[in-house]
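Asker: Residue numbers (mature numbering (1 follows the signal peptide of the UniProt record, and there is no 0)): -32 to -1, 1 to 477.
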């Protein structure tokens, strides 16, 4: 009869063997078996063996213990039945189990629990080379009752305190399953073997020279120098956690005297996530009315920034997250691979735009790309006000040369949508006509006028004001001068005749 005390099950003190049963939740898919990674692994991993006493032949890799040693047994129930477990011992040839029952009537829990059980037993004190531990799941909810069997091969050896010869090292030490759910496997030596110690050394701490000391027994979690013991037992595989790529694992076989073999070691390989190439991200800014967005202008309308993301063959779903600051903090529109910003009210301010790209299959592959820019006042397209007459740029208007214009002239590139641009004119020229990009007038006399202009793009407010002084001159025409001279000729002749007559009269006198 078991008694519950502090979540443990205790065998009566009068029994030859001591017992403590505990429960650990795990996922499984069969009935009952010795735990594959426990101290006494079964002959195979089959949990559905209904033929006794063991159902399969003995193996060549028994777990080795000292005769009379107290060990912890571990097994698992994967499908609940109303019944109990029995653990028995055979000294040789899978015979004598009923005569050597170690633990009996270990009740299955009544909450339909499936999971791991453990129990401490003190093994017989007689050495044996061909002994076996048998675990039976007795099902009382079947008529007649039926059993599931699982057998673990063991070897009991005499106390070898004087033994100083270590066992052979394990072989075939390798990663059976890579990171992040690392599982390593190896093959134990066949002779003078009691178990293995797996030592973990992180690349950031410890030394690859750390090793267990002869004569010392270790438990999982013990620290040796800067290294950590991550597994102790007789199995030939172990699932390990908190291991990073580049870390080193070393396996040491030991015998009953805790003599440790030479190490079998491996360097942990990077995970698939670490090996996968991160997505390639390129930001492509574009502003309306502007052929290149290497500079952003307040007067050139909305700024469109597209993210060109090229994922590798091993990438999964791509997720993006945009952010912007410090002065411009909101988007006009935001999509997964495109955002729209309005820089109109942020002239002379710095803006940082960033996108963070995450790959669903490989979370470590997080890529960020940024576009930092300063918002320049005005427009990319620079302009000035010029005076034009007879198709030429002039500095002064000649009233004698007909109609003239004050016109907007672009100093660099001309916008492709220039036909939709408009100008606000301020002037004092009488009878002037305002056109989209020009102010037309007909000069009539010498004068001086003031003209200023502000240009409006189709999508932004006015650019900077440009001013010019219009000077109009009216030179005398050559034809009018020659006509006046012709009218004076008769008078000049009369004056000439009068002067000659006067000279003669003065001579006669």
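Here a beta-carbon is modelled for each residue, glycine too, at the ideal position from N, C-alpha and C.
So, at 8 Å on beta carbons, what are the nonlocal neighbours of residue 301 in its own chain, with the 5 sequence-adjacent residues on each side left out?
Answerer: 307, 308
Asker: Pull the bridge partners of residue 207 from the DSSP assignment, please.
Answerer: 151
Asker: Under 8 Å, with one C-beta from each stretch per pair, do the stretch 112 to 121 and the stretch 29 to 44 reach the 3-pair mark?
Answerer: yes
Asker: Which ranges does the beta strand (DSSP E) cover as unbroken runs of at least 3 residues, wholly within the stretch 288 to 330, from first to last along the chain?
Answerer: 301 to 303, 306 to 309, 318 to 327
Asker: Go to residue 142, then tell me how far its beta strand (DSSP E) extends in each direction, as first and last residue.
Answerer: 139 to 145
Asker: Could you check which residue in 109, 91, 435 has the C-alpha nearest to that of residue 101?
Answerer: 91
Asker: Among 60, 23, 106, which one has its Cα closest to the Cα of residue 50?
Answerer: 106
Asker: Taking the alpha-carbon of residue 70 as reference, which of 232, 97, 45, 104 has the nearest alpha-carbon?
Answerer: The residue with the shortest Cα to Cα distance from residue 70 is 104.
Asker: Alpha carbon to alpha carbon, how far is residue 148 from residue 425? Give it in angstroms, no decimals.
Answerer: So the two alpha carbons sit approximately 57 Å from each other.
Asker: Who are the Cβ neighbours of residue 165 in its own chain at under 8 Å, not counting the five residues just before and after it?
Answerer: 180, 186, 197, 199, 200, 219, 220, 222, 228
Asker: Is residue 44 helix, strand or coil by DSSP?
Answerer: Under the three-state reduction of DSSP, residue 44 is assigned to strand.
Asker: Could you spell out the range, first to last residue, of the beta strand (DSSP E) harbouring residue 115?
Answerer: 114 to 125
Asker: Report all residues from its chain with a CB closer than 6 Å to the CB of residue 341; omit the five preceding and five following residues, and keep chain order.
Answerer: 264, 319
Asker: Roughly how many angstroms lie between the CA atoms of residue 35 and residue 87, to the nearest whole one?
Answerer: 18 Å
Asker: What is the DSSP secondary structure of residue 389, counted as helix, strand or coil?
Answerer: In the three-state scheme derived from DSSP, where H, G and I count as helix and E and B as strand, residue 389 is classed as coil.
Asker: Only counting the same chain, and skipping five residues up and downstream in sequence, which positions put a Cβ closer than 8 Å to that of residue 24?
Answerer: 11, 12, 14, 17, 119
Asker: For residue 382 and residue 349, what's the separation of their Cα atoms in angstroms?
Answerer: 7 Å
Asker: What's the C-alpha gap between residue 136 and residue 203?
Answerer: 16 Å
Asker: So if DSSP puts residue 253 in a beta bridge, which residue, or which two residues, is it bridged to?
Answerer: 273, per the DSSP bridge assignment.
Asker: Compare the Cα-Cα distances from residue 267 to each of 345, 288, 252, 191 and report the closest residue.
Answerer: 345
Asker: Just how far apart, CA to CA, sit residue 52 and residue -1?
Answerer: 11 Å
Asker: If we require 3 or more residues per run, which beta strand (DSSP E) segments fall completely within the stretch 221 to 245?
Answerer: 232 to 235
Asker: Quick one: is residue 57 buried, meaning 16 or more other Cβ sit within 10 Å of its Cβ, or exposed?
Answerer: Buried: at least 16 other Cβ atoms inside 10 Å.
Asker: Between the Cα of residue 270 and the Cα atoms of 343, 324, 323, which residue gives the shortest distance?
Answerer: 343
Asker: Can you name, in chain order, every residue of its own chain whose Cβ lies under 6 Å from the Cβ of residue 183, other than the five neighbours on each side?
Answerer: 226
Asker: Cutting at 6 Å between CB atoms, please list the residues of its own chain near residue 335, excluding the five before and the five after it.
Answerer: 246, 247, 249, 325
Asker: Use the C-beta contact count for residue 478: other C-beta atoms within 10 angstroms, 16 or more gives buried, fewer gives exposed.
Answerer: Past the boundaries of the shown model lies residue 478; the chain is included only from -32 to 477, so the question cannot be answered.
Asker: Compare the C-alpha of residue 369 against each of 133, 357, 4 and name the closest.
Answerer: For residue 369, the closest alpha carbon among the candidates 133, 357, 4 is that of 357.
Asker: Which word fits residue 363, buried or exposed, when buried means at least 16 other C-beta atoms lie within 10 angstroms of its C-beta?
Answerer: exposed
Asker: Which stretch, first to last residue, makes up the beta strand (DSSP E) that contains residue 376?
Answerer: It spans 372 to 378 - the beta strand (DSSP E) in which residue 376 sits, taken as one unbroken run.
Asker: Using a threshold of 8 Å, state whether the C-beta atoms of residue 144 and residue 153 are closer than that.
Answerer: yes
Asker: May I ask which residues mark the beginning and end of the beta strand (DSSP E) holding residue 11?
Answerer: Residue 11 -> no beta strand (DSSP E), and no H or E assigned at all.
Asker: Cα-Cα, which of 44, 66, 46, 42 is closest to residue 21?
Answerer: Selected option, being the one with the closest Cα: 66.
Asker: Please identify the residue among 413, 299, 212 whose C-alpha is closest to the C-alpha of residue 150.
Answerer: 212
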